[in-house]
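The block underneath contains the structure these notes are about, expressed in structure tokens.
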Amino acid sequence: MPPRVLGSAIVIVAAAWIVVAAAQRGAPSRPNEAAPAAPMTSALRLGALPGVASVLAPAPPSDVPAAVIPAEAPNVPARCAPEPAIEMRASEPPPAAELFRLAKEKPDALGSASLGSPTRGSLFGGVELKDSEGILRAGGYGWGTELVIRSIERAVREVRRCFPGSPQLYVGDIARERGGWLKPHRSHQSGLDADIGYYYKTQATWYQRATAQNLDVARTWALVRALIEGGHVEMIFIDVSVQRLLQAHVATLPEGERPPEDVFPTPTKRDTIVRHAWGHATHFHVRFRDPAAVALGHRLADILPRLRGARRAPR
Numbered sequence: 001m002p003p004r005v006l007g008s009a010i011v012i013v014a015a016a017w018i019v020v021a022a023a024q025r026g027a028p029s030r031p032n033e034a035a036p037a038a039p040m041t042s043a044l045r046l047g048a049l050p051g052v053a054s055v056l057a058p059a060p061p062s063d064v065p066a067a068v069i070p071a072e073a074p075n076v077p078a079r080c081a082p083e084p085a086i087e088m089r090a091s092e093p094p095p096a097a098e099l100f101r102l103a104k105e106k107p108d109a110l111g112s113a114s115l116g117s118p119t120r121g122s123l124f125g126g127v128e129l130k131d132s133e134g135i136l137r138a139g140g141y142g143w144g145t146e147l148v149i150r151s152i153e154r155a156v157r158e159v160r161r162c163f164p165g166s167p168q169l170y171v172g173d174i175a176r177e178r179g180g181w182l183k184p185h186r187s188h189q190s191g192l193d194a195d196i197g198y199y200y201k202t203q204a205t206w207y208q209r210a211t212a213q214n215l216d217v218a219r220t221w222a223l224v225r226a227l228i229e230g231g232h233v234e235m236i237f238i239d240v241s242v243q244r245l246l247q248a249h250v251a252t253l254p255e256g257e258r259p260p261e262d263v264f265p266t267p268t269k270r271d272t273i274v275r276h277a278w279g280h281a282t283h284f285h286v287r288f289r290d291p292a293a294v295a296l297g298h299r300l301a302d303i304l305p306r307l308r309g310a311r312r313a314p315r
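Residue numbers (UniProt numbering): 1 to 315.
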């Protein structure tokens, strides 16, 4: 065989041997050809380097969706259910002659009546708020229409049920047994006004200025909310400094638990349910509405001056 041909054959054989050896070691024989999987020892060595294994991990096939990890649900407790609505007896006032007889002989059969206005009025058939497991009387005059007393008791029950271990709540003046002027208040004359204390982080107390350090905003807001949602509140007077503390707490609540826009005042709206009044950083003042008691008061306005005797409805 000529030397030139022999040399060419040797080169061809050597090249073929190199290709076979490379294939056995796992090297690709052509560009763009996928390489076989790396040995386990190589994978372990790569995994020991931070971030290398995740970068080199093969992507999932395009036809297999990647696993979706659900977002963790926020740890927000569901709102405590409100107390049942107050059920009041509905009765149509009798004719004038019968109304006079009942007002004289059986006043409890008529229920409560609010006469005049909160600043110039009187009370008929009032009910007295009593000390209880959740309420402590702070004022000497705790008479109001039956609806007012039941509304206060309902709101306190809701707070105590939703916040176990709540301290007693102080309640100040409401009205005299028969209404009329009550020193030092300008209102509190017709059984529709009540001074109610705040909940504090310490023990129950009365007439202490509420601050960011001592106010139990969660319980106090629950109390205010329960009163409003009871459906018998016309307005609530709270010092603006305390309003800010309550609004800051409300801002942390889930959107569905925040009050409607007509509860707290804004720069453009002042005729809201909660309003500022000087002197109400130590307690808040609630003006209730009791249409039935007011309607009965209109009917009794000409009759009561002729009456004598007890005008108190039993508890």
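Ideal Cβ placement from N, Cα and C applies to all residues, glycine included.
| Asked | Found |
| --- | --- |
| Within the region 136 to 209, note down every full alpha helix (DSSP H) run reaching 4 residues or more, in order along the chain. | 146 to 162 |
| To the nearest angstrom, how far is it from the Cα of Q247 to the Cα of A292? | 33 Å |
| Inspect the beta-carbon positions of I228 and I273 and report whether they are closer than 7 Å. | yes |
| Span of the beta strand (DSSP E) holding S114? | 113 to 117 |
| Is the beta carbon of V217 less than 7 Å from the beta carbon of H188? | no |
| Nearest by alpha-carbon distance to G140: which of A113, T211, D131, V148 is it? | D131 |
| Specify the secondary structure class of E87 as computed by DSSP and reduced to three states. | coil |
| Mark D173 as exposed unless 16 or more other C-beta atoms lie within 10 angstroms of its C-beta, in which case mark it buried. | buried |
| For the alpha helix (DSSP H) that contains I228, what are its first and last residues? | 217 to 229 |
| Is S117 closer than 7 Å to G297 when the C-beta atoms are compared? | no |
| Shortest alpha-carbon distance to V127 belongs to which of D108, D239, A204? | D108 |
| Where A222 and A155 are concerned, what is the direct C-alpha to C-alpha distance, given to the nearest angstrom? | 8 Å |
| Three or more C-beta pairs closer than 8 Å, one from the region 92 to 103 and one from the region 165 to 184: is that the case here? | no |
| Use the C-beta contact count for E257: other C-beta atoms within 10 angstroms, 16 or more gives buried, fewer gives exposed. | exposed |
| Quick one, are the C-beta atoms of V286 and A194 less than 7 Å apart? | yes |
| Where does S241 sit, in a helix, a strand or coil, going by DSSP? | helix |
| Is E92 helix, strand or coil by DSSP? | coil |
| Assign P259 to one of two classes, buried (16 or more other C-beta atoms within 10 Å of its C-beta) or exposed (fewer than that). | buried |
| Give me, in chain order, the residues of the same chain whose beta-carbon lies closer than 7 Å to that of I303; leave out the 5 immediate sequence neighbours on both sides. | L99, F100, A103 |
| What are the start and end residues of the beta strand (DSSP E) that includes R120? | 120 to 124 |
| For P267 and L253, what's the separation of their Cα atoms in angstroms? | 22 Å |
| Of the choices A277, K183, G125, whose alpha-carbon is the least far from that of T145? | G125 |
| When the Cα atoms are used, what is the spatial distance from S85 to G230? | Ser is not the amino acid found at residue 85; the sequence shown has Ala there. Distance between the alpha carbons of A85 and G230: 6 Å. |
| On a Cα-Cα basis, can you pick out the residue from I238, L300, K269 that is closest to A281? | I238 |
| Given F288, which residues of its chain have a CB within under 8 Å of its CB, disregarding the five upstream and five downstream residues? | G144, T145, L147, V148, S151, L192, D193, A194, H232, V233, E234 |
| Exposed or buried, A226, counting other C-beta atoms within 10 Å across all chains shown (16 or more means buried)? | buried |
| Taking A301 as the reference, give the member of H283, S190, Y207 with the closest Cα. | S190 |
| Nearest to P82 by CA position, among L215, A295, L182, R157, is which residue? | R157 |
| If L129 and G142 are in contact, beta carbons under 8 Å, what's the gap, nearest whole angstrom? | 4 Å |
| Please report how far the alpha carbon of Y200 lies from the alpha carbon of R219, in whole angstroms. | 8 Å |
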